Amino acid sequence: MAAKMIEEENRAGFHLFKIAGIQITLDYSWLIVFALVVWSLSAGYFPHYYPGQSNRAYWIAGFIAAFLFFLSILIHELSHSLVAIRSGIKIPEIILFIFGGISRLSEEAKDPKTELKIAFIGPLSSFALALIFRGMKMGLEGRQPSLSLVVLDYLIWINVAVGIFNLIPGFPLDGGRVLRALWWWKTGSLTRATHVASNIGKGFALTLMILGGFQIFMGALIGGLWFIFIGMFLRGIAESGYQELIIKQSLEGVQVQEVMIQEVISIPPELPLRHLINEYFLRYGYRGFPVVQEGKVLGIVSIADVKDILEGEDGNRTVEEVMIPISNRILIAPEASLAEALKKMVQEGVSRLLVVREDKMVGMITKTGLLRFLEIRHILET
Ligand SMILES: [Zn+2]
Numbered sequence: 006m007a008a009k010m011i012e013e014e015n016r017a018g019f020h021l022f023k024i025a026g027i028q029i030t031l032d033y034s035w036l037i038v039f040a041l042v043v044w045s046l047s048a049g050y051f052p053h054y055y056p057g058q059s060n061r062a063y064w065i066a067g068f069i070a071a072f073l074f075f076l077s078i079l080i081h082e083l084s085h086s087l088v089a090i091r092s093g094i095k096i097p098e099i100i101l102f103i104f105g106g107i108s109r110l111s112e113e114a115k116d117p118k119t120e121l122k123i124a125f126i127g128p129l130s131s132f133a134l135a136l137i138f139r140g141m142k143m144g145l146e147g148r149q150p151s152l153s154l155v156v157l158d159y160l161i162w163i164n165v166a167v168g169i170f171n172l173i174p175g176f177p178l179d180g181g182r183v184l185r186a187l188w189w190w191k192t193g194s195l196t197r198a199t200h201v202a203s204n205i206g207k208g209f210a211l212t213l214m215i216l217g218g219f220q221i222f223m224g225a226l227i228g229g230l231w232f233i234f235i236g237m238f239l240r241g242i243a244e245s246g247y248q249e250l251i252i253k254q255s256l257e258g259v260q261v262q263e264v265m266i267q268e269v270i271s272i273p274p275e276l277p278l279r280h281l282i283n284e285y286f287l288r289y290g291y292r293g294f295p296v297v298q299e300g301k302v303l304g305i306v307s308i309a310d311v312k313d314i315l316e317g318e319d320g321n322r323t324v325e326e327v328m329i330p331i332s333n334r335i336l337i338a339p340e341a342s343l344a345e346a347l348k349k350m351v352q353e354g355v356s357r358l359l360v361v362r363e364d365k366m367v368g369m370i371t372k373t374g375l376l377r378f379l380e381i382r383h384i385l386e387t
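Here is the structure:
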């Protein structure tokens, strides 16, 4: 469960550009969807609704329509992000993927009212976009009927469809977030509210899959598969959204000093690397150690840092030459929460942090330790 959360933080894709400090990333799946949208518009939808044009015109129209659709999704996501930023929540990244986008929030909204605002603005902005395209169409109407009117028609209905789809009250769709916020408001419990909203989300996903099955029986193979596919996807995110919250909450209530390793074995900086493996890594079974000289912490050395060096050399270099020198990147306070520790490890790309109080090392906390803590908690609670 937790590993999945960490994995998702490092999602791959094309990093496009930044808007208002937010990294816009295209998931690879988008390329396939984009190609499918262009193709189905150019070869099916436009020739059907406005026959008699050249192939070239259809493909240009298909490309423009798909691009504006893409832009609409981006605006929908940006609206979420901008409201979140105004409420003091940082948004490091927006990922555009197969069914739209995900705004990566650095933290959950602190109260139901904020959550409600952040969620509701999304569908609202899709409907606003539909209205804008409707206005553009009205401006062009009365003149010659043209392909551009058909493109605008498509953009109107696709934005209405995106707005309605997102209003479905299954977490983590916008509608599910609205429902969760209202429930949270009423009961005061975010966990209960998330549980309810994610169950409704899963119920809706199941309904879609059953409908898809019926459609396949009735002979509509592609439409049916599409329903099943969307249903499976929604089910997955409803499930993981709830689990992520549970993990986050169990990490939030616990301080680093309660879970850290207290008897830390340290390494002298002048130790040659060839002794490091046998005398420390193999002997103690840890994958990283602090480097300490006369009670002063100089840095941290982990097996990942020395692995490549040891393969190519005789191991005469010292620990000091390969360690990560001490800096804010690898330090955390004993009073910090486990959630903060995990966030820092992910952001800095490290697996262990030194726990320091007033320049003195009091312990060390590792990603493995965090996962073990979650596992034990999980066993105790079930
Ligand atoms: Zn949305």
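According to the working numbering, the sequence shown is numbered sequentially starting from 6.
C-beta: ideal position from N, C-alpha, C; glycine also.
Just so we're clear, the structure is a prediction, and the values are computed from it rather than from any experiment.
For residue i, which of helix, strand or coil comes out of DSSP?
| i | result |
| --- | --- |
| Leu287 | helix |
| Gly140 | helix |
| Gln267 | coil |
| Ile173 | coil |
| Ser153 | helix |
| Ile100 | strand |
| Arg382 | helix |
| Ser342 | strand |
| Ser307 | strand |
| Arg357 | strand |
| Lys207 | helix |
| Val259 | coil |
| Pro56 | coil |
| Pro330 | strand |
| Ala8 | Residue confidence is low: Ala8 scores 32 on pLDDT, short of 50, so the model does not pin down where it sits. No coordinate-derived value is stated. |
| Arg148 | coil |
| Arg1 | No statement about residue 1 is possible, as the shown extent of the chain runs from 6 to 387 and does not include it. |
| Lys115 | coil |
| Glu13 | Because the pLDDT at Glu13 is just 40, under 50, the model does not fix this residue reliably, and the value given afterwards should be weighed accordingly. Three-state result, Glu13: helix. |
| Leu376 | helix |
Output the boundary residues of the alpha helix (DSSP H) element that contains residue i.
| i | result |
| --- | --- |
| Arg91 | Asn60 to Arg91 |
| Ile96 | First-last for Ile96: undefined, no H or E at that position. |
| Leu281 | Leu278 to Leu281 |
Taking 8 Å as the threshold (C-beta atoms), are residue j and residue i in contact?
| i | j | result |
| --- | --- | --- |
| Ser271 | Val296 | yes |
| Lys142 | Leu152 | no |
| Ala124 | Arg182 | yes |
| Ala210 | Leu239 | yes |
| Ile96 | Ile29 | no |
| Ile329 | Ile305 | yes |
| Ala70 | Leu121 | no |
| Leu358 | Ile337 | yes |
| Leu278 | Val351 | no |
| Leu256 | Ala344 | yes |
| Ala341 | Val259 | no |
| Val42 | Phe74 | yes |
| Leu172 | Pro128 | yes |
| Ile370 | Met265 | yes |
| Gly218 | Ala243 | no |
| Ser130 | Ser84 | yes |
| Ile99 | Gly18 | no |
| Val361 | Val355 | no |
| Ala36 | Gly67 | Looking at the sequence provided, one finds Leu at residue 36 rather than Ala. No. Outside cutoff. |
| Leu379 | Ile252 | yes |
| Gly293 | Ile308 | yes |
| Phe138 | Leu160 | yes |
Since residue i is in the beta strand (DSSP E), which residue starts that stretch and which ends it?
| i | result |
| --- | --- |
| Gln28 | Ile27 to Leu31 |
| Ile370 | Lys365 to Thr371 |
| Glu191 | Sequence inspection shows Lys at residue 191; the Glu mentioned does not correspond to that position. Lys191 -> not in any beta strand (DSSP E); alpha helix (DSSP H) instead, spanning Asp179 to Thr192. |
| Pro295 | Gly293 to Gln298 |
| Leu21 | Phe19 to Ile24 |
As a quick check of your reading: which residues have a C-beta less than 6 Å from at least one non-hydrogen atom of ligand 1, in chain order? His81, His85, Gly127, Asn171 and Asp179
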